[in-house]
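K.L.:
This structure is in structure tokens; I'll ask about it shortly.
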Amino acid sequence: MSRKRYIFICKAMVLSMTFFLLSGCGKDASENTNAEIEETREQEEMSETELKEDQTDVEQEEIVSTTQNADTEVMNATIYYVDADTAEIVTKTAEVKNEKDIWNILKEEGVLSEDCEILNFKINEAEKKIDLDFNSATGERIRSMGTTGETEIIGCIVNTYLDTYGCDGIRLTEEGNVLQTSSGANFDGYSGKITF
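Per mature numbering (1 follows the signal peptide of the UniProt record, and there is no 0), the sequence shown runs over residues -23 to -1, 1 to 173.
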């Protein structure tokens, strides 16, 4: 075999091996590249999912925070009550956080007795209406006061909540039923402010 022919065969073999290796590496590289692309896609999808979950968590935390702030936000309430010395209806301003604070101040001022409790309280801000449901002890307290006393107690409750929440009407119910007074008056529907 001539030297030229030997060099030619060697070069051909080297080129063949190089081509073979490069094509194999290229295949591995493309497979690796495809695998890397797929892995990157999965990571991006996971990141998007985690981001959405994080956003949902943040939104839920904001809702909880807003709810807590709504409960802890202090507002000024105009409390109507009967003055012990003059027996006239008077008002005072008190800082409250919610409807139960108002109810407790009405108890402190003697409008309601200790066994009087709120069962449900809803505000329809769009219609400026309040639904206030209380226990039977509250109904008994109202009915035990005679006509004038009934008007005073109901007036103090109605006017206090309407003024404090800036509403036009309030519906009082006794354990979900229409409030009936000892004088036979039915408080069916929404009442506006009461004049004394």
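Every residue gets a Cβ at the ideal spot worked out from N, C-alpha and C, and that includes glycine.
Where Thr172 and Ile66 are concerned, what is the direct C-alpha to C-alpha distance, given to the nearest angstrom?
P.N.:
One C-alpha to the other measures close to 10 Å.
K.L.:
Rounded to whole angstroms, what is the Cα-Cα separation between Ser113 and Val59?
P.N.:
Near 22 Å, if we compare the C-alpha coordinates of Val59 and Ser113.
K.L.:
Given Gly143, which residues of its chain have a CB within under 8 Å of its CB, disregarding the five upstream and five downstream residues?
P.N.:
Lys105.
K.L.:
Taking Val67 as part of the beta strand (DSSP E), name the residues at either end of that continuous run.
P.N.:
Val67 -> beta strand (DSSP E) spans Ile66 to Val73.
K.L.:
Are Lys69 and Ile56 close, meaning C-beta to C-beta below 9 Å?
P.N.:
Their beta carbons are under 9 Å apart, which means Lys69 touches Ile56 by this criterion.
K.L.:
Can you say whether Asn136 is buried or exposed, counting buried as having 16 or more other CB atoms within 10 angstroms of its CB?
P.N.:
Buried is the call here.
K.L.:
Given a cut-off of 9 Å on the beta-carbon distance, is the pair Thr120 and Asp92 in contact?
P.N.:
The sequence as given places Arg at residue 120; Thr does not occur at that position. For Arg120 and Asp92, no; Cβs fall outside 9 Å.
K.L.:
Assign Lys84 to one of three DSSP states: helix, strand, or coil.
P.N.:
The answer is helix: DSSP assigns Lys84 an H, G or I state.
K.L.:
For Thr125, does the count of other Cβ atoms within 10 angstroms reach 16, so buried, or fall short, so exposed?
P.N.:
Label assigned to Thr125: exposed.
K.L.:
Round the Cβ separation of Leu89 and Thr115 to the nearest angstrom and send it over; I've been treating them as touching at under 8 Å.
P.N.:
The pair is a contact, with the Cβ atoms about 7 Å apart (cut-off 8 Å).
K.L.:
Is DSSP giving Ser168 helix, strand or coil here?
P.N.:
Strand, per DSSP.
K.L.:
Quick check: is the beta carbon of Ile119 nearer than 9 Å to any beta carbon in chain B?
P.N.:
No chain B is part of this structure, which consists of one protein chain only.
K.L.:
Taking the beta carbon of Gly169 as the centre, do at least 16 other beta carbons fall within 10 Å, making it buried, or is it exposed?
P.N.:
With fewer than 16 Cβ atoms within 10 Å of its Cβ, Gly169 is classed as exposed.
K.L.:
Helix, strand or coil for Asn154, going by three-state DSSP, please let me know.
P.N.:
Asn154: strand per DSSP, three-state reduction.
K.L.:
Under 9 Å between the Cβ atoms of Asn53 and Ala64?
P.N.:
Going by C-beta atoms, Asn53 is not nearer than 9 Å to Ala64.
K.L.:
What does DSSP give as the partner residues of Thr55 in its beta bridges?
P.N.:
BP columns for Thr55 point to Thr70.
K.L.:
From which residue to which residue does the beta strand (DSSP E) around Leu139 run?
P.N.:
Note, Leu139: premise wrong, no beta strand (DSSP E); alpha helix (DSSP H) at Gly123 to Tyr142.
K.L.:
For Ile116, does the three-state DSSP call read helix, strand or coil?
P.N.:
Checking the displayed sequence, the identity of residue 116 turns out to be Gly instead of Ile. Correct three-state label for Gly116: helix.
K.L.:
Which value, in whole angstroms, describes the spacing of the CA atoms of Gly153 and Thr141?
P.N.:
Near 23 Å, if we compare the C-alpha coordinates of Thr141 and Gly153.
K.L.:
Could you give the DSSP three-state label for Lys105: helix, strand or coil?
P.N.:
Looking at Lys105 - three-state DSSP - the assignment turns out to be coil, as it is neither helix nor strand.
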